[in-house]
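Following: one structure in structure tokens, then a few remarks.
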Ligand code: SF4
Ligand code: SF4
């Protein structure tokens, strides 16, 4: 038997090699764990999370022109858009907009198809709930966003 | 025949043996794989994998969707490498359409594909090591994987279900600051691979558990249809990236790691070497990333740029038409295979000339590789099954579709 393997076995070279690596990561700078509710991760700008319907900041009116593109683009058919013609201006006006969050897979096709950038998937990722109630978002919810209490210790 | 009944039953052949169910909820079966083992003491006499616990029906669902709506579904087939699935599907449809992607689009695709391979191999290495008992490697692998997922999130908006590629290119260009961040990660990555190797490659326990275990000969590997690292570890030198280059892989220099031992250790070495090669491909892609458009000029297929859509009537009309009616694909059928982290991932798309695919079939590497499992395990010990499952790196979503 060669000497090297015996040497390795007696002096536990491999164990020491592994442990030295492990101990190098004892430095608090190397901690990767996030203490979630206290430390909120910064998600990327493009993150596709909770949907929102945008409004024109000056007039407070919705940007949605009820073109139905988002509903057509969605592979899950979970968006419904209802509209009627304004008898005076002859324009389509949005009357009802619902978004069934429970079936959404956050693929972003609706966002991509919207020609006025009205529907947007925001970087808000906290969409979990205890029940299915309230998962179907209407226009008001989509415009105002969630009313959420901040986590306190 | 036992194979044909929906829930196969295995009867022990004699008094000496008994039947043991492993899975579907076994932590080391990487999903919901059920293995029926006929054992004689500790030795496996017969093994029968039973799949179907993760059947999603995606193959059938695609027939009711527009071509562009299928992309997010393909993410969910093999959830550890969404980008490769996106790519295989997009390439197949692009082949039918005869679309040519601009160089920038192709390079970004290659870059992200290799990142996906790194991501997938990291999950494999971590869980495989965890199965065999090396906990630390798992934590280190997931630490690096977190970085990759952050990069994915930055570029596509989602960590796992990226849906970033589109038929005809990409959905968006790379975000600002992405390349710097990627460069920082990929330059440091080879040293991280050194760390994993430091912990495993010459570790006596690791070698005891993997060397000579779950042997698969080259003939068997070919006969059973295995692909990817499982095949290359048995000494067959194939890699679709090199042999049938797609999306511009011919512009990159990389080695294809091949081992001849055909055991778990050889598969481990192959994949770890692939991690390094992938990192080098990403570095090459970063160094030579061309400028230009990231999607093809095909107004009838590819959504117009957003600025054009908002200012030009014609673009707006095409935008409306593509979203509401989809784009039509000339009739025909096509098979496009790419090298996914697990092996040959092929998409067979049949078009009948409408805006929805007539049939989409996926030739998934996990499904074929799983066939090799009984061959590897029969006549060996139960404890080796866990090592064998880990070494073929299956994803059950990919098996069942
Ligand atoms: S993100 Fe995808 S699934 Fe969700 S509503 Fe939009 S298109 Fe539909
Ligand atoms: S949200 Fe956008 S795509 Fe959907 S109906 Fe309104 S304007 Fe059209």
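Residue numbers (my numbering), protein chains in the order written: chain A, 3 to 155; chain B, -2 to 398. For each residue, glycine too, the CB sits at the ideal point set by N, CA and C.
Confirm the yes/no value for this check: CB of residue i, any heavy atom of ligand 1, distance under 8 Å.
i	result
residue 110(A)	yes
residue 76(A)	yes
residue 122(A)	no
residue 73(B)	no
residue 156(B)	no
residue 150(B)	no
residue 50(A)	yes
residue 69(B)	yes
Are any of the Cβ atoms in chain C nearer than 9 Å to that of residue i?
i	result
residue 316(B)	No chain C appears in this structure, whose protein chains are A and B.
Which residues in the same chain have their Cβ closer than 8 Å to the Cβ of residue i, if we skip the five residues on either side of it in sequence?
i	result
residue 375(B)	41, 42, 43, 44
residue 9(A)	15
residue 150(B)	156
residue 48(B)	30, 31, 364, 367, 393, 396, 397
residue 417(B)	The structure shown does not extend to residue 417(B), since chain B spans only -2 to 398, so no value can be given for it.
Measuring alpha carbon to alpha carbon, tell me which of the options ends up nearest residue i.
i	options	result
residue 127(A)	103(A), 9(A), 140(A), 112(A)	103(A)
residue 429(B)	160(B), 202(B), 351(B), 80(B)	Nothing about residue 429(B) can be read from this structure; chain B reaches only from -2 to 398.
residue 110(B)	388(B), 175(B), 53(B), 336(B)	336(B)
residue 59(B)	367(B), 344(B), 390(B), 237(B)	344(B)
residue 105(A)	61(A), 138(A), 122(A), 63(A)	138(A)
residue 315(B)	132(A), 143(A), 125(A), 117(A)	117(A)
residue 350(B)	70(B), 230(B), 93(B), 50(B)	93(B)
residue 88(B)	19(B), 164(B), 73(B), 78(B)	164(B)
residue 44(A)	135(A), 125(A), 88(A)	125(A)
residue 112(B)	78(B), 329(B), 341(B)	78(B)
residue 378(B)	332(B), 223(B), 177(B), 211(B)	211(B)
residue 327(B)	347(B), 312(B), 185(B), 176(B)	347(B)
residue 223(B)	71(B), 52(B), 54(B), 372(B)	372(B)
residue 39(B)	382(B), 386(B), 209(B)	382(B)
residue 50(B)	27(B), 355(B), 91(B)	27(B)
residue 188(B)	386(B), 107(B), 137(B), 391(B)	137(B)
residue 7(A)	199(B), 84(B), 330(B)	199(B)
residue 181(B)	283(B), 307(B), 46(B)	283(B)
residue 218(B)	272(B), 234(B), 184(B)	234(B)
residue 78(A)	339(B), 70(B), 186(B)	70(B)
residue 340(B)	253(B), 312(B), 303(B)	253(B)
residue 123(A)	53(A), 5(A), 22(A)	53(A)
Looking at residue i and ligand 2, is the gap between the Cβ and the nearest heavy atom below 8 Å?
i	result
residue 118(A)	yes
residue 67(A)	yes
residue 314(B)	no
residue 1(A)	The first residue shown for chain A is 3 and the last is 155, placing residue 1(A) beyond what the model contains.
residue 81(A)	yes
residue 71(A)	yes
residue 55(A)	yes
residue 99(A)	yes
residue 96(A)	yes
residue 22(A)	no
residue 168(B)	no
residue 115(A)	yes
Short of 7 Å in beta carbon distance, which residues of its chain neighbour residue i, apart from the five on each side in sequence? Order them along the chain.
i	result
residue 14(B)	35, 36, 37, 42
residue 358(B)	56, 345
residue 55(A)	64, 66, 99, 120, 121, 141, 144, 145
residue 325(B)	350, 351, 352
residue 264(B)	226, 227, 230, 388
residue 86(A)	95, 97
residue 134(A)	104
residue 142(B)	116, 119, 120
If I measure Cβ to Cβ from residue i and keep anything under 6 Å in the same chain, skipping five residues before and after, which residues do I get?
i	result
residue 361(B)	395
residue 153(B)	159, 161
residue 268(B)	118, 226
residue 286(B)	104
Q. Three or more beta-carbon pairs under 8 Å between the segment 96 to 103 of chain B and the segment 269 to 281 of chain B, yes or no?
A. Touching, no.
Q: Could you tell me whether the segment 194 to 211 of chain B touches the segment 224 to 244 of chain B, where touching means 3 or more Cβ pairs closer than 8 Å?
A: As far as the Cβ criterion goes, the segment 194 to 211 of chain B does not touch the segment 224 to 244 of chain B, which means the pair count is below three.
Q. Would you call the segment 106 to 116 of chain B and the segment 128 to 147 of chain B touching, i.e. three or more CB-CB distances under 8 Å?
A. Enough Cβ pairs lie closer than 8 Å, so yes.
Q. Touch check for the segment 56 to 65 of chain B and the segment 316 to 329 of chain B: three-plus C-beta pairs under 8 Å?
A. Yes, the segment 56 to 65 of chain B touches the segment 316 to 329 of chain B.
Q.
For the pair the segment 158 to 174 of chain B and the segment 280 to 299 of chain B, tell me if three or more CB-CB distances fall below 8 Å.
A. The segment 158 to 174 of chain B vs the segment 280 to 299 of chain B: in contact.
Q.
So, does the segment 72 to 79 of chain A touch the segment 98 to 112 of chain A, judging by three or more C-beta pairs under 8 Å?
A. Between the segment 72 to 79 of chain A and the segment 98 to 112 of chain A, the count of C-beta pairs closer than 8 Å reaches three or more; the two stretches touch.
Q) Counting only runs that start and end within the segment 199 to 284 of chain B, where is the alpha helix (DSSP H) found for 4 or more residues in a row? A) The qualifying runs are 201 to 207, 215 to 220, 226 to 229, 237 to 240, 261 to 284.
Q. Hey, which unbroken runs of the alpha helix (DSSP H) at 4 residues or more fall wholly within the segment 26 to 103 of chain A?
A. If we require 4 residues or more, the alpha helix (DSSP H) runs fully inside the segment 26 to 103 of chain A come out as 71 to 75.
Q | Start-end ranges of the beta strand (DSSP E) lying completely within the segment 342 to 377 of chain B, minimum 3 residues | A | As far as the segment 342 to 377 of chain B is concerned, its whole beta strand (DSSP E) runs of at least 3 residues are 356 to 360.
Q. Between the segment 86 to 94 of chain A and the segment 20 to 28 of chain B, are three or more C-beta pairs nearer than 8 Å?
A. Flag = no, the segment 86 to 94 of chain A and the segment 20 to 28 of chain B do not touch.
**Q.** Length at least 3, wholly inside the segment 67 to 138 of chain B: the beta strand (DSSP E) runs in chain order
**A.** If we require 3 residues or more, the segment 67 to 138 of chain B turns out to have no beta strand (DSSP E) run fully inside it.
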